[in-house]
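Numbering (the working numbering), first residue to last: 406 to 476.
Structural data, given as structure tokens:
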């Protein structure tokens, strides 16, 4: 994802509760999570096939599920 693409997408993502000091725990860099989701969708891979250079597959899945429920 280019920096210009990320700038456009970042504005659409919700601000995490932990960032607003409302509890919860940090889920990691949104850009890394978003890149992992794009990787899985583009390749048609399963969630557990997320490569090691991305966050853990469970965190990626939880991030995508949270985004789907807010839309």
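Every residue, glycine too, gets a C-beta built ideally from N, C-alpha and C.
Being a predicted model, the structure only gives us computed values, none of them experimental.
For residue 454, the secondary structure class from DSSP, reduced to helix, strand or coil, is helix.
Contact fails between the segment 407 to 419 and the segment 443 to 451, because fewer than three Cβ pairs, one in each stretch, are under 8 Å apart.
Annotation for residue 448: the continuous alpha helix (DSSP H) segment containing it runs 435 to 448.
Short of 8 Å from the beta carbon of residue 406, and not among the five residues preceding or following it, lie these beta carbons of its own chain, in chain order: 414, 436, 439, 440 and 443.
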